[in-house]
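This report refers to the structure that appears directly beneath it.
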Amino acid sequence: MVERERISALMDGELDDAELGAQVKRTADGGELARCWDAYHLIGESLRREPGFHLDLTAGISGALASEPTVLAPGRAPVAQPTQRVRTFALSMAATIAGIGVVVWMVVGQRSDGSGGRIDMAQSVAMSPRAEVATQAVDADVNDYMMAHQEYSPTAAMHGVASYVRTVSAR
Amino acid sequence: MSEREIDQQLVERAQRGDKKAFELLVVKYQRKLGRLLSRFIRDAAEVEDVAQEAFIKAYRALPSFRGESAFYTWLYRIGINTAKNYLVAMGRRAPTTTEFDSEEAETFEDADQLRDMNTPEAELMTKQIANTVNETMLELPEELRMAITLREIEGLSYEDIATIMNCPIGTVRSRIFRARETIAERLRPLLGTSKDKRW
């Protein structure tokens, strides 16, 4: 394919991706290929009977762009293909159904042996931890005694403020 | 591939730092944008300035272009805003929102106003180009004329044209190219390229 035939394919979007970059560069570098690109578009506009308008900004824009910093846009996040979405949905549905199946199987299995299905309220109550309210009758005398002998306590081996913790909490 | 997809290819290259790709979009749309702006700005030199400013603004704004609309629709809005700001800065009446947002403005076909704007030389050249293109089209072999018509006027892809014309895609590509080359060859004297210079 000759160079100008590639430009013709480029403007119709029929050029291979592999050729696209190099062809864009060669075409826009100015000279005959740039004029060819312009002429082919002019022919298309004329065939579509678009009103003629004389305007040539190429030199001005090219100069202005040269002094512009190169733009670098962040790439777009790839959009999940429909097949990928279907696969993801199917896998999550399968996992959900499997989870429900395991739970149902366990419940049915427990009921079928005749012992697990009955809820023994008494046992339940017995097994539950009883919340006992610790009624600590703080004996002031004991506390005074403990404070007086705290240095003999095994906690004295601890450094820092640890040995005073009991004292503070007692107060 | 649709026109929008073709532009998107070039836009994405420009977004990755390829200024040349953006220059190709400028060449492609400069006349169309100029025609649009001439609806609001009468002076040809001013149209040129505003069109250039609009393209530079578009280039700077490329990172924000996400392809939700066609490139030209996006460029059109930038062009309109640039023209509006220009007219306000010049102390002239900016067109109303209705005028700006009108769908009609995008497909502006008012040739009478363009005739007023173009210089007599530019007007003559426009006529000569149209006549040359039409005459050459009539002289083209049937298969070339049909191929370029299906592509340029009907907007069909090479694959669709190949189906209609019952020939390989490579043949379609070749026929369209040969049609363009034949017409371009006839336009060369009008477009100011010397005989010894190839396109």
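First to last, the protein sequences are chains A and B.
Going by our numbering, the first residue of the first sequence is number 1, and it counts up by one from there.
Going by our numbering, the first residue of the second sequence is number 1001, and it counts up by one from there.
We put the CB at the ideal spot given by N, CA and C, even for glycine.
Query	Result
Within 9 Å of any Cβ in chain B, is that where the Cβ of Ser8 of chain A sits?	yes
Compare the C-beta of Thr88 of chain A against all C-beta atoms of chain B and say whether one is closer than 9 Å.	no
Taking the alpha carbon of Ile1129 of chain B as the point to measure from, which residue in A:Leu33, A:Ala148, A:Glu45 and A:Cys36 has its own alpha carbon closest?	A:Glu45
Under three-state DSSP, which class holds Leu1024 of chain B?	helix
With 16 other CB atoms within 10 Å as the buried threshold, where does Gly1034 of chain B fall?	buried
Name the chain B residues that come within less than 7 Å of Ile43 of chain A, Cβ to Cβ?	Val1133, Arg1180, Ile1183 and Ala1184
If you pair each beta-carbon of the stretch 57-74 of chain A with each one of the stretch 1125-1140 of chain B, do three or more pairs fall below 8 Å?	no
Put Met1001 of chain B into one of helix, strand or coil per three-state DSSP.	coil
Expressed to the nearest angstrom, what Euclidean distance is found between the alpha-carbon atoms of Gly99 of chain A and Arg87 of chain A?	18 Å
In chain order, which continuous runs of the alpha helix (DSSP H) of length 4 or greater are located wholly inside the stretch 29-78 of chain A?	32-47 and 58-66
Quick check: Tyr1158 of chain B and Glu19 of chain A, are their CB atoms within less than 9 Å of each other?	no
Just checking my contact of Arg34 of chain A with Ala28 of chain A at CB under 8 Å: how many whole Å lie between their CB atoms?	According to the sequence shown, residue 34 of chain A is Ala rather than Arg. That belief holds up - the Cβ atoms of Ala34 of chain A and Ala28 of chain A are roughly 6 Å apart, short of 8 Å.
Which whole-angstrom value is the C-beta distance of Phe1055 of chain B and Val1011 of chain B, which I expect to be below 8 Å?	That belief does not hold up - the Cβ atoms of Phe1055 of chain B and Val1011 of chain B are roughly 13 Å apart, past 8 Å.
Specify, as a first and last residue, the run of the alpha helix (DSSP H) that Met1146 of chain B falls within.	Glu1142 to Glu1152
Report yes if the C-beta distance between Ala1184 of chain B and Ile1148 of chain B is below 9 Å; otherwise report no.	no
Under 8 Å Cβ-Cβ, which residues of chain B neighbour Ala29 of chain A?	In the sequence as presented, Ala is not what sits at residue 29 of chain A; that position holds Asp. In chain order: Lys1020.
Give the DSSP-derived three-state secondary structure of Ser1157 of chain B in the structure shown.	coil
Please look up how many angstroms separate the CB atoms of Ala1061 of chain B and Ile1078 of chain B, rounded, as I've assumed it's under 8 Å.	7 Å
List the residues of chain B whose Cβ lies closer than 7 Å to the Cβ of Asp38 of chain A, in chain order.	Val1027
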